[in-house]
Amino acid sequence: MVLGILAALAGVVVIAVISWSAASRPGGEARRNPVTAPAIDAASAQEMLSRLPTVSGVVDAPYQRDLFGERWADVDGNGCDTRNDVLARDLSAVVFREGSGECKVLEGVLVDPYDGHTESFTSGEQTSPLVQIDHIVALAWAWRHGADRWSDAERLVFANDPANLVVTADEINSAKSDSGPAEWMPPAAASVCGYVIAWVSVVDAYDLGITGPDREAARSALTRC
């Protein structure tokens, strides 16, 4: 089920995420995975939302990050780990380590898709953690809403799916944590629609369930898009 999702997402969710995150960056387009089709709109996201099954969001087994496999694996086999793929996609003015085959990102500029602030990225033990990769649909949230029933291979794909990843500042990633729309929305009002559309798209694509509060929060946000 999930292993076959990536191809389908390439024409739907990836487009939505890149369109949203690239819109506020200098140049307006992602360096990789360029936009080739219109992003889905709020009406389409509302349709997706309406067909999501309702679940309690409570499961017996506790969430553990290791259940989603290797962190930032090279699941697409392009020779670059997922973290660097997403940094290269979402940052502008990217500088790569010489000899890394355009894999290791050393520097770049982030226009945060959640609040619009600009931040410089510099690779290093002290500086790398300041710019992080956010799972739009958090791994722990996914675990509580259906991913606990997936295979290890399916969870690995989900954890490294670029359609569910976006670069953001550490403080925003920490504030968002494993929340759904009922508990967290982007600080910038202009970012809410893109975030909710991307979030609903991923939940729908991976056949996850949704609680009543998250459904209502997403529905309310989409009606204002």
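Each residue of the sequence shown is one higher than the one before, starting from 4 at the first, in the numbering used here. The beta-carbon is built from N, C-alpha and C at its ideal position, and this holds for glycine as well. Model, not experiment: these values are computed from the prediction.
Three-state secondary structure (DSSP) at residue i?
i, result
"residue 111", "strand"
"residue 122", "strand"
"residue 200", "helix"
"residue 43", "coil"
"residue 163", "coil"
"residue 131", "helix"
Under the rule that 16 or more other beta-carbon atoms within 10 Å means buried, what is residue i, buried or exposed?
i, result
"residue 115", "buried"
"residue 89", "buried"
"residue 46", "exposed"
"residue 152", "exposed"
"residue 104", "exposed"
"residue 130", "exposed"
"residue 121", "exposed"
"residue 74", "exposed"
"residue 85", "buried"
"residue 208", "buried"
"residue 102", "exposed"
Leaving aside the five residues before and after residue i along the sequence, list all residues of the same chain whose C-beta is less than 6 Å from its C-beta, in chain order.
i, result
"residue 176", "135, 137"
"residue 144", "181, 183"
"residue 66", "143, 146"
Could you tell me which residues DSSP pairs with residue i in its beta bridges?
i, result
"residue 219", "Answer by DSSP bridge pairing: none, since residue 219 is not bridged."
"residue 136", "170"
"residue 98", "110"
"residue 213", "57"
Would residue i and residue j be called neighbours here (beta carbons separated by less than 7 Å)?
i, j, result
"residue 78", "residue 163", "yes"
"residue 185", "residue 165", "no"
"residue 100", "residue 94", "no"
"residue 213", "residue 113", "no"
"residue 118", "residue 220", "no"
"residue 58", "residue 148", "yes"
"residue 224", "residue 199", "yes"
"residue 81", "residue 107", "no"
"residue 133", "residue 71", "no"
"residue 91", "residue 98", "no"
Closer than 8 Å by C-beta to residue i: which residues in its own chain qualify, once you throw out the five before and the five after it? Chain order, please.
i, result
"residue 123", "110, 111, 112, 113"
"residue 159", "71, 72, 73, 76, 78"
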